[in-house]
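Right, one structure below, let's go through it.
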Amino acid sequence: MSLRGRSMLLLLGVLLLIWSHPAAAQIDSQRRTNLEAGGTSPLLGNGPLDGYGFLLLNRPHLTSEDLYLRVVISPVYVNSEIIHDRWPADGHALGLGLAGGLFGYNFSEYREGDYKRRESFWGHGGGLSLSYYWRQLKIAGVLPVEGQLRLRPQYAIYDTGTDTRSDFRLPEDSAIVTGRAGIRVGGVPPELFPKRALEISVWHEASYRDNAGRYGLPERRQESEQFTQRTWARAGGIFSPWLEHTVSLFLTGGIAGDTDELSVFRLGGAFRFQSELPLTLHGYSAGEIFAKRFALINASYRLAPIPGVKWFQLQIAGDYARVHYLAGHTLPRHNLPGAGADVIVAFTESTTLVLGYGYAFDAQRGGHSGGQEVHAMFEMKF
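The sequence shown begins at 1 in our numbering and counts up one residue at a time.
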């Protein structure tokens, strides 16, 4: 393949990845058409360009009062779910989902702060989902409580990336069946800067991989597990203590029992929409941290620094993670702080551009501590 062809495929792979797994989503009663995009690049180290781009369509009361449709579309991947509320009875709902396309199962390898492009690879595929929603309770008549059960059979097909070493053994293509149970109080709207939100949630997930086994370089074989489990919880909120000032504070914790590189928690990055469970750590590359157990605090403060000028805002963010690493991915420190700063320009009430910078105090970069990255995000709400 020519250099130009390889570059185009690489650009497609890293810039058109989407928020492609709606398993933790909730029934959304607001009509939405949101275009979301973002990109990031490291200033230190050899991390890759990374990004996302998708169109979110949410259509409550589609053809009847009780029918909901949610579709996430990118040029290379589509994810959809249709939900029938108040069925089989009031306070219950059933959902059927379909997802598939390219790059949804990509894997990026990191060790000791270095991006191992020769051990990274692509993954394509898709699957179905069958969901049950329990919706019989509202706290104080306002805050919804939603329970979820979800079964997701899928199939993953792995392929060498543009730089994967020729003697790298890919994981076996495999059927993967994932089951998830959880409960959520409240929720956070799917937009860059919600004005108000409150969420408390707890989840447990178990996955069965039909074709497990060894993969990797001849001198560094990895082992994929047939059965893996993860449990995580999240609590926090977004509120405005006074006019044109917004505070966000979230605490997330997780533990993975039986796990491997393909299913472990991955921390790092500055994007909310980089995955279904965005574990943000400014200054780190997305997914750079492989965690079997973690506790993560994300805090931010947003304000309009010029009185009367609402279209220009500044945001500062701070992150702190305590991590127990997956074997083979240990870093010198278990405490990982990060910080970020963003300039936010609202061209209209529905169009927002964000330019930002992140610093990771203890990221490993060429024998030194300290990682830096720049990022941009764009949102248009139709």
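Even for Gly, the Cβ is constructed at its ideal location relative to N, Cα and C.
What number of angstroms, rounded off, separates the C-alpha of E199 from the C-alpha of Y133? In this model, E199 and Y133 are separated by some 17 Å (Cα to Cα).
Skipping 5 residues on each side, what residues in its chain have a beta carbon closer than 6 Å to that of L249? For L249, where only same-chain residues beyond five positions count, the Cβ hits under 6 Å are G236, A299.
Bridge partners of I306, per DSSP? For I306, which the question treats as bridged, DSSP gives no partner whatsoever.
Which ranges would you report for the beta strand (DSSP E) in the stretch 230-294 if only whole runs of at least 3 residues count? The stretch 230-294 is shown to contain whole beta strand (DSSP E) runs of 3 or more residues at 245-256, 265-267, in chain order.
Local conformation of R365 per DSSP, three classes: Note: R365 maps to strand in three-state DSSP.
Note the first and the last residue of the continuous beta strand (DSSP E) segment covering I200. First-last of the beta strand (DSSP E) with I200: 197-209.
By Cβ distance below 6 Å, which residues in the same chain neighbour V343 in space, the five residues on each side in sequence not counted? The residues are L355.
Could you spell out the range, first to last residue, of the beta strand (DSSP E) harbouring P144? Start and end: 143-160.
Checking 8 Å against the spacing of the C-beta atoms, do H262 and A291 come in under that value? For the record, residue 262 in the displayed sequence is Leu; it is not His. No. Outside cutoff.
Ignore the nearest five residues each way along the sequence and tell me which others in T164's own chain have a CB closer than 6 Å to its CB. F121, listed in sequence order.
With DSSP collapsed to three states, give me the class of E225. Looking at E225 - three-state DSSP - the assignment turns out to be coil, as it is neither helix nor strand.
Looking only at its chain, what residues have a beta carbon closer than 6 Å to the beta carbon of D260, apart from the 5 residues adjacent to it on each side? Within the same chain, S224, E225 come within 6 Å of D260 by CB-CB distance, once the 5 residues on both sides are set aside.
With G127 and I157 assumed to form a contact (beta carbons below 8 Å), what rounded beta-carbon distance in angstroms separates them? Their Cβ separation, rounded to whole angstroms, is 12 Å, which puts G127 and I157 out of contact at 8 Å.
Express the C-alpha separation of S285 and K195 in angstroms, rounding to a whole number. The alpha-carbon atoms of K195 and S285 are separated by roughly 27 Å.
For G308 and T246, I'd like the C-alpha separation in whole angstroms. Approximately 16 Å between the Cα atoms of the pair.
Just the Cα atoms here: how many angstroms apart are K116 and G161? Straight-line Cα distance between these residues: approximately 12 Å.
Helix, strand or coil for R117 per DSSP? In the structure shown, R117 sits in a helix (DSSP, three-state: H, G or I).
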